[in-house]
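Q:
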Amino acid sequence: MNFKRTLLAAALPLMFTFAGAAQAEIKLKFADIHPAGYPTVVAEENMGKTLTKETNGELTFQYFPGGVLGSEKEVIEQMQVGAVQLSRVSLGIVGPVVPDVNVFNMPFIFRDHQHMRNVIDGAVGDEILDKITNSEFGLVALAWMDGGTRNIYTKKPVRKLEDLKGMKIRVQGNPMFIDMMNAMGGNGIAMDTGEIFSALQTGVIDGAENNPPTLLEHNHFQNAKFYSLTGHLILPEPIVMSKITWEKLTPDQQELVKKAAKAAQAEERVLWDKKSAASEEKLKAAGVEFIEVDKKPFYDATASVREKYGAKYADLIKKIEAVQ
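Note that the sequence shown covers residues -24 to -1, 1 to 300 in mature numbering (1 follows the signal peptide of the UniProt record, and there is no 0).
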């Protein structure tokens, strides 16, 4: 018995040492399809630096911008098995798996950009994050990034709704977005972001829809010189963590991660506004024509999409509309 106690006494310091070493450093991969310097990527990098400092090096980060770890869909699949730990993802990808987030994916659901920000900063934004976390998606939703206002960019000008008729327009892989584009008279084509440049170049598509920084940073403007300000989508984008990784963190670490993610949400917003304004200037200097359109025909054309998908989100829609 004494011998066993002696062994146990000798082993305990080693056990604590190994446990401490295991907890001492958790390496986290942070992926984003956007390139280095993009507002979301900069905010993610600063979030990681903050967490490394606040955890005394227990959490360290590697950053993989520019889609080097794959498409958003591929990154999510890696996160679900714990191979990638953190990412900013588009709601269009999440919607088919966590249906309630589709309320944010509905065309013209937000009155304007500021309305969207007020919604995600409040109870509705937190409610949607919780729905992602509590789903079978395998991810913990931490905060929101601003994905800007999405407009249509094309090889030929779209000055009115009728001009869009028959055009093949890339959208994210979500049935709602395909229905939305089809309702506006185009032909919605689901495609990963990384495929858009060559698809525009080779004529597989006639255009796409996104915000000014994406049009600029992914070089889509080289093949699509007309940017029609339809404002059909204003999409927030969640920062998510692999649930496998989340459950390895201590409660204190989890709280620090949540706090740092919310700080990243605020920082990215400032970066976004600067980047968006600068992108518009650069795009115009590169010969891109910004076209003011009458949004009402586009809004009216997508009424069928809101009717088709909106009934199940009636309560959420009321909450969104009530936000000032």
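Virtual Cβ for every residue (Gly too), placed ideally from N, Cα, C.
Keep in mind the model is a prediction, meaning the values are calculated, not measured.
1. So, helix, strand or coil for Gly42, using DSSP?
2. Within 10 angstroms of the Cβ of Leu176, are there 16 or more other Cβ atoms? Answer buried if so, exposed if not.
3. Let me check understanding here. Comparing Cα to Cα, which of Phe6, Val17, Tyr39 lies closest to Met55?
4. Is any heavy atom in the ligand GTP found nearer than 7 Å to the beta carbon of Glu193?
5. Which value, in whole angstroms, describes the spacing of the CA atoms of Met92 and Phe86?
6. Give a yes or no on contact between the region 7 to 19 and the region 45 to 65, applying the rule of three or more CB pairs nearer than 8 Å.
7. Can you tell which of Asp122, Gly123, Asp106 has the C-alpha that lies nearest to the C-alpha of Leu115?
8. If I'm right that Gly123 touches Pro212 with Cβ under 8 Å, what's the distance once you round it to whole angstroms?
9. State the Cα-Cα distance for the pair Ala119 and Leu137, rounded to the nearest angstrom.
10. Using the C-alpha atoms, what's the distance from Lys132 back to Asp182?
11. Please go through the same chain and pick out, in chain order, the residues whose beta-carbon is closer than 7 Å to the beta-carbon of Met143, but skip the five residues on each side of it.
12. What number of angstroms, rounded off, separates the C-alpha of Thr169 from the C-alpha of Lys294?
13. Would a C-beta distance cut-off of 8 Å place Met167 and Pro83 closer than the cut-off?
14. Using a Cβ-Cβ cut-off of 8 Å, state whether Val134 counts as contacting chain D.
15. Can you name the start and end residues of the beta strand (DSSP E) that Ala166 belongs to?
16. Grab the span of the alpha helix (DSSP H) containing Ile9 for me, first residue to last.
17. Nearest by alpha-carbon distance to Ile210: which of Asn78, Gly43, Gly33, Pro72 is it?
18. Using C-beta distances below 8 Å, list every residue in its chain close to Leu27, excluding the 5 sequence neighbours before and after it, in chain order.
19. Assess, as a yes-or-no matter, whether the region 199 to 210 is touched by the region 220 to 232 under the definition of 3 or more beta carbon pairs within less than 8 Å.
20. Output yes or no for whether 8 Å exceeds the beta carbon distance between Val240 and Ile215.
21. Short of 8 Å in beta carbon distance, which residues of its chain neighbour Asn195, apart from the five on each side in sequence? Order them along the chain.
22. Pro189 to Met152, Cα distance in whole Å?
23. Curious, which full-length beta strand (DSSP E) runs of at least 3 residues does the region 41 to 73 contain?
24. Find out if the Cβ-Cβ distance for the pair Val74, Ile108 is shorter than 8 Å.
25. Using the three-state DSSP reduction, which class does residue 304 fall into: helix, strand or coil?
A: Put simply:
1. coil
2. buried
3. Phe6
4. In terms of ligand content, the structure shown is empty, and the ligand GTP therefore cannot be addressed.
5. 6 Å
6. yes
7. Asp106
8. 6 Å
9. 35 Å
10. 8 Å
11. Thr130, Gly162, Asn163, Asp182, Gly183
12. 32 Å
13. no
14. Chain labels in this structure do not include chain D; a single protein chain is all it has.
15. 163 to 166
16. That residue, Ile9, is in no alpha helix (DSSP H); it is neither H nor E in DSSP.
17. Asn78
18. Leu35, Phe37, Leu232, Val233, Ala236
19. no
20. Residue identity check: residue 240 is Ala in the sequence provided, not Val. Cβ distance < 8 Å, so Ala240 and Ile215 count as in contact.
21. Phe173
22. 23 Å
23. 62 to 64
24. yes
25. A question about residue 304 goes unanswered here, because the residues of the chain that appear run from -24 up to 300.
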